[in-house]
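Notes to accompany the following structure.
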Amino acid sequence: MSASAAHTLLTVAVQHLWHAALLLTLVLLVMQRARLSAEVRSWVLCGAFALAAVSPLLVLLPREVVTVTEAGMSLPAAARSTALPAADVPAAPASPTTSPAAYVPNALQALAMVWLLGTLWGLLRLAQGIWQARRLHRAARPAPALDALLGPALPRGSGVALSDAVAGPMVVGLFAPRILVPPHLASTLSPPALRDLLLHEAAHVQRRDLWVTALQRTVLAVYWWSPCLRMLGNRLELAREMACDARAAHRSSSGRDYADSLLRGIAGMVQHRPQGAALAVGMSGSRSGLTQRVDGLLHLQAGQVGWRNRLRWSALCLAALATHVGVTVAATPRLGAPIVVAPDSAPATRTASAQAERLLDAAADGDLAQVRQLVQAGVAVDTQRPGDGTALIAAARHGHLATVDALLALGATPDLASRGDGNPLIAAARRGHLPVVERLVGAGADVNRIVAYDETPLINAARSGDVDTVAYLVAHGADVNLGVVADAGQWRSPLNQARNSRVRDYLIQHGAVAGRR
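First residue of the sequence shown? That's 71 in our numbering, and the numbers climb one at a time after it.
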């Protein structure tokens, strides 16, 4: 794994930890104060869980909009200093002395690998649970009598089936949900009590809880190391069960009668150990959770509030979540590539006339006499043509030193850039034309000039593999660690773009590092 990817992953991890802690705090405060129904609580917790999982990805957004003029102005220092670390480079000879900071990328990469391995293990367990759920779904036996017991309360597209492999009622099947019931419960519970338990499972189907559970457990497999997210997940599972209890109790005779049915069902499960299918939702739970569920059922009527209070408390929950969004958006750092805007030049300089076309062709061919004749006849020496740039860029690209001298003498700007074509120094460095590079630097060309989409002269020289050109630029002030963010957020520097070991060795000897300086 590259140092850049490891740095990004661990930044996401750090941001997630405080995002999830803030969300958990807000949720606990709101839940203690707000008189919300179990249904609303479950969806508020679901929203908080989703925010805790997604909000750290804000780090991948672009940092800023950076305008780079066609004249090739350098990017602001802040846009470079906070950019992603450089990508991995091929192995280079070890330095005589190694600073402690050199071990930091390796440590970050090791931590990132631990995260990824833990995620892989969690996803494999989830896949095993999916396979188990499919086996349960296929092996279950249809139970028309139980379908009839639910009657109109049975959700469309679902059914009730008997399964010897489960200890209590549960729902399996994302696309064709089935409520599985163990035969021992179907034969021992009274029809009203059994119907109450089936109503609870039918509520899971109606709420699409199996889909929510699948996404929740996938997220927990990714953030397996997050204590706050796991606490949110536990509260979400309890709230989901209580919401289904409330729905079932409203269809039953009373909350107290439904609580009695729930306890009878739990008592019938004590002697049977449930099979843990990862993609199933059911009525089993912890003892403390069961206590809260029964308490909620006994106070179901007392806990109801008017629509005005419900609206007020719901608004409070939304305000708390909005507060979290505002704080995280403002405080989360951005690691994504800056949006580089290179404004178009004036139409007059971008659209070349027939005479200007001849000038660029003559410069590319090294036709010195034609170049002089056209410029003296009034053709703008810095006119541009998309795909070729300026006459000076064309001459530098082809290594025509005499033509470069003539154009400079005729007033050509040594640093003028053309989008997609670089600038004269970049064009010469890219081809390894050292004499042209020397002449342009002598004419005042900036060795550290960044041109949008074409990087820097030293990066292009390193990519060409010409050590002499690289050495000349470094000797004249080129920064060996000056990099740019290029396509798709890729960090490019002279070192990670070096074409061969000779260039890499030279850059390392002159202070280049495989990462941010």
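Where a beta carbon is used, it is the ideal one built from N, C-alpha and C, also for glycine.
Computed from a prediction, not measured in an experiment: that's the story for all the values here.
Kindly indicate which three-state DSSP category residue i falls into: helix, strand or coil?
i: T460; result: strand
i: R487; result: With the sequence shown as reference, residue 487 is identified as Ala, and Arg is not the correct amino acid for it. Looking at A487 - three-state DSSP - the assignment turns out to be coil, as it is neither helix nor strand.
i: V583; result: coil
i: R455; result: strand
i: V555; result: strand
i: V474; result: helix
i: W295; result: coil
i: V613; result: Only positions 71 to 587 of the chain appear in the structure, and residue 613 is not among them; the question remains open.
i: S423; result: coil
i: G117; result: helix
i: G657; result: Given a span of 71 to 587 for the chain in the structure shown, any question on residue 657 remains unanswerable.
i: G469; result: coil
i: G502; result: coil
i: P564; result: coil
i: P126; result: helix
i: P212; result: strand
i: G492; result: strand
i: D315; result: helix
i: V449; result: coil
i: L145; result: Here L145 scores only 46 on pLDDT, less than 50, and its place in the model should not be relied on; the value that follows carries that caveat. It is coil, neither helix nor strand.
i: G199; result: helix
i: N570; result: coil
i: R509; result: helix
i: P403; result: coil
i: G481; result: coil
Cβ-heavy atom distance between residue i and the ligand FAD below 6 Å?
i: L430; result: Looking for the ligand FAD in the displayed structure turns up nothing, as the structure carries no ligands at all.
Only counting the same chain, and skipping five residues up and downstream in sequence, which positions put a Cβ closer than 6 Å to that of residue i?
i: D549; result: N518
i: A432; result: Q440 and V441
i: D458; result: L430 and A464
i: L438; result: A472, T473 and A476
i: N530; result: I496, A499 and R500
i: A172; result: Because A172 sits at a pLDDT of 41, beneath the cut-off of 50, its placement in the model cannot be relied upon, and the following sentence gives the value as read from the coordinates. Cβ within range, chain order: n/a, list empty.
i: V97; result: A118
i: G335; result: L267
i: S125; result: H89 and T398
Please identify the residue among the options whose C-alpha is closest to the C-alpha of residue i.
i: T526; options: A75, G535, V507 and G492; result: G492
i: G303; options: A318, H320, S331 and T283; result: T283
i: A487; options: A466, T460 and L471; result: T460
i: R278; options: C116, Q102 and P456; result: C116
i: N551; options: Q567, A319 and V242; result: Q567
i: R382; options: A584, L96, V100 and V230; result: V100
i: T80; options: Q179, I520 and S125; result: It should be noted that the sequence gives Leu, not Thr, for residue 80. Closest option to L80, Cα to Cα, is Q179.
i: R572; options: A541, A522 and G396; result: A541
i: V82; options: A182, L577, P253 and R574; result: A182
i: S322; options: F119, R211, A390 and L220; result: L220
i: V397; options: A90, G481, G553 and R467; result: A90
i: L495; options: V554, R305 and G469; result: G469
i: R489; options: Y523, L478 and A466; result: Y523
i: A337; options: P126, L259 and A122; result: L259
i: L285; options: G325, A389 and A120; result: A120
i: P297; options: W88, V451, W561 and T78; result: W88
i: L232; options: S257, A532, R103 and P222; result: S257
i: A466; options: P126, D435, L333 and H274; result: D435
i: Q454; options: G535, S423 and Q85; result: S423
Can you list, in chain order, the residues of its chain with a C-beta nearer than 7 Å to that of residue i? Leave out the 5 residues immediately preceding and following it.
i: L444; result: Q425, R428, L429 and A432
i: R509; result: L471, V474 and D475
i: V537; result: R572, V573 and Y576
Under 7 Å between the Cβ atoms of residue i and residue j?
i: A329; j: L268; result: no
i: S112; j: A392; result: no
i: L128; j: T402; result: yes
i: T539; j: G581; result: no
i: Y506; j: A498; result: A small fix is needed here, since residue 506 is Val in this sequence, not Tyr. Against a cut-off of 7 Å, the Cβ pair of A498 and V506 comes out as a contact.
i: H207; j: R265; result: no
i: L216; j: V230; result: yes
i: L565; j: A545; result: no
i: L250; j: A210; result: yes
i: C314; j: H270; result: yes
i: L543; j: L528; result: yes
i: A118; j: L92; result: no
i: L196; j: R300; result: no
i: W295; j: G192; result: no
i: S563; j: G553; result: yes
Is residue i close to chain B? Criterion is C-beta to C-beta, closer than 7 Å.
i: R569; result: Of the protein chains in the structure, only one exists, and it is not chain B.
Could you pull out every residue in the same chain whose Cβ sits closer than 8 Å to the Cβ of residue i, ignoring the five residues on either side in sequence?
i: A108; result: A309, M312, A313, D315, A316 and G366
i: D485; result: A141, G142, N493, P494, L495, G514, A515, D516 and R519
i: D75; result: Per the sequence shown, residue 75 should be read as Ala rather than Asp. Cβ within range, chain order: A182.
i: S534; result: A499, R500, R501, G502 and R569
Original post:
At what residue ranges does the segment 223-288 contain a whole run of the alpha helix (DSSP H), taking only runs of 4 or more?
Top reply: 253-258 and 261-276
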